[in-house]
Structures are given as C-alpha cells and as structure tokens.
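Asks:
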Amino acid sequence: MRWALVKVCLAVTTMVVVAFAIPLGLVIKEMARDRAFSNAERTAAAIGPTLSITTDRDELARALATAQTGGEERMSVYVPAGGGNPAIRLGEQRVAAEKLNINRARRDEVPGGYVWLQPIAVSTGKIAVVEVYVPESEVSNGVTTAWVVLAGVGIALIIGSVAVADRLGVRVVQPAQRLVGAAHELGEGRLGARVPEDGPTELRLAAVAFNSMADQVVQLLANERELAADLSHRLRTPLTVLRLNVASLGTGTAAEQTRVAVEQLEREVDTIIRTARDAKPQTAAAGPGAGSDASEVIRERMDFWSALAEDEGRKVRVAGIDRPVRIPVARGELVAALDALLGNVFRHTPEGTAFAVDVHSGEDAVIVLVSDAGPGILDPEAAMARGRGSGSDGSTGLGLDIVRRLAESTGGDVRIGSSVLGGTEVRIWVQLDGRGPAEGRRGRGHRGRERKGLVPTFNRSRSLP
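Add 1247 to the 1-based position in the sequence shown for this note's numbering, that's all there is to it.
1) Looking at the strands, I want to know which residues DSSP matches up with N1332.
2) Please name the residue in P1296, V1420, P1358 whose C-alpha comes closest to that of Q1365.
3) To the nearest angstrom, report how far apart D1605 and L1482 are at their CA atoms.
4) Restricting to Cα atoms, I'd like to know which of D1462, V1613, V1427, A1312 is closest to L1438.
5) Based on Cα-Cα distance, which residue from V1576, V1617, E1628, P1597 lies nearest to T1589?
6) In terms of residues, what are the limits of the beta strand (DSSP E) holding I1269?
7) Check A1375 in the structure and name its three-state DSSP category.
8) Within the continuous beta strand (DSSP E) that includes S1618, where are the two ends?
9) Between A1554, R1514, I1574, which lies nearest to S1542 when the distance is taken from Cα to Cα?
10) Can you round the beta-carbon distance between G1599 and E1559 to whole angstroms, since I take them to be within the 8 Å contact cut?
11) For G1360, which beta-bridge partners are listed by DSSP?
12) For the candidate residues L1668, A1368, A1398, whose alpha-carbon lies nearest to that of V1269?
13) Just verifying my parser: in three-state terms, what is the DSSP assignment at Q1340?
14) Helix, strand or coil: which one does DSSP assign to A1556?
15) Is it true that the region 1354-1371 meets the region 1410-1430, where meeting means three or more beta-carbon pairs spaced less than 8 Å apart?
16) Distance check for H1607 and I1649, CA to CA, integer angstroms please.
17) Just how far apart, CA to CA, sit V1465 and L1474?
18) Using a Cβ distance threshold of 8 Å, determine whether the region 1277-1285 contacts the region 1338-1346, with at least three qualifying pairs required.
19) Could you compute how far the alpha carbon of G1621 sits from the alpha carbon of A1601?
20) Using a Cβ-Cβ cutoff of less than 6 Å, which residues in the same chain neighbour L1298 once the five nearest sequence positions on both sides are dropped?
21) Candidates V1613, I1663, E1655: which alpha carbon is nearest M1631's?
22) Please state whether DSSP places I1624 in a helix, a strand or coil.
23) Less than 6 Å between C-beta atoms, sequence neighbours within five positions excluded: which residues of the same chain meet that for P1684?
24) Would you list the residues sitting across from F1602 in a DSSP beta bridge?
25) If you follow the alpha helix (DSSP H) that E1672 is part of, which residue opens it and which one closes it?
26) Which residue marks the beginning of the alpha helix (DSSP H) containing D1569, and which one marks its end?
27) What did DSSP end up calling R1662 once you bin it into helix, strand or coil?
28) With distance defined between alpha-carbon atoms, name the residue in S1323, V1390, E1345 nearest to R1336.
29) What's the gap between the Cα of P1447 and the Cα of A1429?
30) Count the CB pairs spanning the region 1665-1682 and the region 1567-1587 that are closer than 8 Å, and state whether there are at least three.
31) Under 8 Å Cβ to Cβ from D1305, same chain only, skipping five residues before and after it: list those, please.
32) Tell me the DSSP bridge mates of Q1365?
33) Here's the rule: buried if 16 or more other CB atoms are within 10 angstroms of the residue's CB, otherwise exposed. What is S1656?
34) For M1322, list the residues DSSP reports as bridge partners.
35) Let me know the secondary structure DSSP gives S1299 once reduced to three states.
Right, here's the structure in full:
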C-alpha cells in the first residue's frame, strides 16, 4: 500500500508538472522573442525623425551612429533613388535590395538570426527602410535559464510529493501492520496483545474494535476458568462431609479404601481448582444475578450443615433470618459463598468448635457475619489475597475469593477479623443500592451504621492467634 501511494502520487505530480511547465516554458520563449523584436523596433524608430527631415548621407550616417550601439554591424539604412539623388546604403545590409520594397514593418530570418525591417517615408516621396539585425542569442536570451529553473522546480515538486506520499503511506501502513501483528499474537495465545488506537479514522476504529474483541476473548476465557474453579470448589462441600463420615467407618479394608478414594478425589479437585486459578489473565467476576432471599438461603444451608455440626458436637447460633432479606445476588452464588465459609469452619477448626451466622439488614446494605470459636487466622490479608489459601494442606484459597467476588459484584466488600466467640469473623457487606464500590463510602456510611448498631465492630482488644 505504501509503494502504491508513492507511485500514484509520483504519476499525478509528474502529469501536473508537465502540464504546467511545458506551456510556461513556451510562453517564456515567446516573451523573449517579443522582447528582442520590440527592442529592434524601438531602435529603428529612433532614426525615423532624421529620415523624415533629410536624406543627406552624412546626416544619416551621424544619426545611424547615434541610434545604434556598438557600431553599424546591427543597423543599416536604405534610401531608394529619387529626385535626381542616387540610392543611399548605410551599414551592413543582410537583406537583398529587391526585398526592401515594403510598405509595412516585418521581420525576416537571415543566417545567424533575424532582421527587423521598418519602412519610413522620406522627403523625396520614397520609402526608406531601416534594417535592425537581431542575433539568435538575443532572441533566446534567458530562455535556457528559465527552463532550467522550471525543471528544477518541477523536480523539487516531484521529490517533495513523493516524500509526502511516503510519510502518508507510513502513517497508513504502520497501524495496519500493528493490527496484523496483534492479530497474529492473539492467535498464538498471547492474550495481552493490544493495538494503539491511533492513525487514520478507519484504522483507529479498527483498532478500537480489535481491542474490544480481545477484551471480550479474555473475559470469556476468564469466565470459563472461574466457572470451572467455582464448580470444582463446590464439590468440596460434599467431599468434606464424606471425609468426616469416613472417619466413623472404623479401620476395616472397605473403610481404608473409601478414605483413599476420598483423599484422591480431593486431590483431583484441588488440582482442577489450582489449574483454573493459575490461568492468566485474570478478570473481574461477573455481575450479580437476579437476586435472592438471604434468609431463606441461610436457613436452607444451615439445615444442611446442622446434621454434621451435631455429629461433631458443635454449637450453632443463627440470628436475623426471621424475615425475608432480599439481596442482589443470585441464589447459586450465595449458596456457594456460604458453603465455602461454613466448609472452612468444619475444615480448619477442631471438632466441638462453635460457630454462628448473623444477618443484619439496613436500608442500603445487608451484612452477613460468619464467626467461630476456633484458633483464628494468622494472616487475614494473605487469606483474602486472590488465589492464596491459609497455608494448610488441601486449601486452594478459592473459598474466600468466591465470597469476595460475590460482595464486590454488588459494590460491597469482605473483611476478616476476630469474633466475639474468640475465633475468626468473616463479614460480608452486600450493597443494595448499587452505587459502586463500598470503599468510597466506607468512611461515612460504615461508621454511621456502627453507631446505629447495624454492624457489630470487631473485637479489637483480642489479637488473632
């Protein structure tokens, strides 16, 4: 495309230069010719007054010497015989006498140039002729220089136009080349390939469309990985129940085989989760679903976990679910988040450890607190980091990440602190008004709700183990 633009511009500019330079050169040549013959006419007219007064040879010789410059080589006078006076010839005549019988001025071509013949009436009634020689060099004086200048200007215009066309071609070709390169990179699996959104309007729009397409591809792949990780993590809940139930089977061969199978299944699930979580690039979670009743979901999940809690001798307390609490979170997402938190309680606290689930509902937010009386979390920030677990065997770290993505999809957040039961408290802030991330509102809204008693403050006097 670049060379095509250069060739087109070269052809167009050459045609324009030829179309203007050739006629202009001919006009200059004609102007030089007219200038030379105009000067010859003025020179011939200078001796006219003398011829109209006298035909004396001496007087005419003096007038001729005065009228011309450089002697008599370029100017001559011919006065035909009449009134008893012989014909008079002064200067070097280049035209034969028989051709001097003229009634009007004209120019004739002679060897080495041209002559200007100017008829003038004299007192004898005859017509004298003044001949002025115009050399070829004077007729073409300045024409060569003008043509050289025109040729130089034309060449400069052609070179300049080619340079401009080349720069324009580069401006068009480079964005197209970047677009092609980015498309190849994206096709080879480098999902971070993007194109600078510059250049001509059409290519800039193409770059915007390509970048948008690449973002969509990354988002779709990330969503697919997140879905695989989430589905795999949801298998952890029944696996936890199976693992705890296997402990009550005794030490028989069947019990040992069951334990080995459960452990192998847990390892496979962990491998799937880690593989999905390690895939890059990472993207934001999808937005909330159609909404659900938090009270109903919590009652359902607590009924599920209460049987296991009873087997392990755990005391359970549930509060705040006596009335419907609508939140902008899909039911399946809320179930996954609660199962992740409650599964962590059973997995990472000793048997007999009590836990509680509290729901606090306000005008624009709902708080879900999951607390336990276990040993606590040594590093809450590391536990909240995406893709990192608490450090114990079998932990993928995806449970708290599922909870955090659920809260952040509504503009809320998740915090980990120490609970009044002595262990860990996970607070899920679900925003109802959808005004964006809660970080910008935390300084005002969160403190206000603490004063109203909506959110119990963390027990800051108790340090985490």
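Note that beta-carbon positions come from the ideal geometry of N, C-alpha and C, so glycine has one too.
Replies: Taking the structure as given:
1) Partner(s): G1329.
2) The residue with the shortest Cα to Cα distance from Q1365 is P1296.
3) Straight through space, the alpha carbons of L1482 and D1605 are spaced by roughly 25 Å.
4) Measuring from the Cα of L1438, the nearest candidate turns out to be D1462.
5) Just to set this straight, residue 1589 is Leu in the shown sequence, not Thr. Of all alpha-carbon atoms in V1576, V1617, E1628, P1597, the one lying nearest the alpha-carbon of L1589 is that of V1617.
6) Not the beta strand (DSSP E): I1269 falls in the alpha helix (DSSP H), residues 1249-1293.
7) The DSSP-derived three-state label of A1375 is strand.
8) Note, S1618: beta strand (DSSP E), 1612-1619.
9) With respect to the C-alpha of S1542, the residue from A1554, R1514, I1574 having the closest C-alpha is I1574.
10) About 6 Å separates the beta carbons of G1599 and E1559, which is inside the 8 Å limit, making them a contact pair.
11) Paired residue(s): V1357, P1382.
12) It is worth fixing the name first, because residue 1269 is Ile in this sequence and not Val. For I1269, the closest C-alpha among the options L1668, A1368, A1398 is that of A1398.
13) In the structure shown, Q1340 sits in coil (DSSP, three-state: anything other than H, G, I, E or B).
14) Correct three-state label for A1556: helix.
15) Note that the region 1354-1371 does not touch the region 1410-1430; fewer than 3 beta-carbon pairs, one per stretch, sit closer than 8 Å.
16) I1649 and H1607 have their alpha carbons spaced roughly 21 Å apart.
17) Cα to Cα, the separation comes out at about 14 Å.
18) They do not touch, by the three-pair rule.
19) Their Cα atoms are separated by approximately 8 Å.
20) Here the set comprises I1367, V1369, A1375.
21) The option with the nearest alpha carbon to M1631 is I1663.
22) Reduced to three states, the DSSP call for I1624 is coil.
23) With a pLDDT of 43 at P1684, under the threshold of 50, the modelled position of this residue cannot be trusted; read the value that follows with caution. Cβ neighbours of P1684 beyond the five flanking positions: G1658.
24) Beta-bridge annotation (DSSP): F1602 is paired with V1563, D1619.
25) Here E1672 belongs to no alpha helix (DSSP H); instead the beta strand (DSSP E) covers 1671-1678.
26) Counting along the chain, D1569 falls outside any alpha helix (DSSP H), and DSSP gives it neither H nor E.
27) Here R1662 sits in strand by DSSP.
28) If we check each option's Cα against that of R1336, S1323 comes out closest.
29) Taking the Cα positions, P1447 is about 18 Å away from A1429.
30) The answer is yes - the region 1567-1587 touches the region 1665-1682, with three or more Cβ pairs under 8 Å.
31) Hits under 8 Å: none found.
32) For Q1365, which the question treats as bridged, DSSP gives the partners V1377.
33) Result: buried.
34) Answer is V1379.
35) Here S1299 sits in helix by DSSP.
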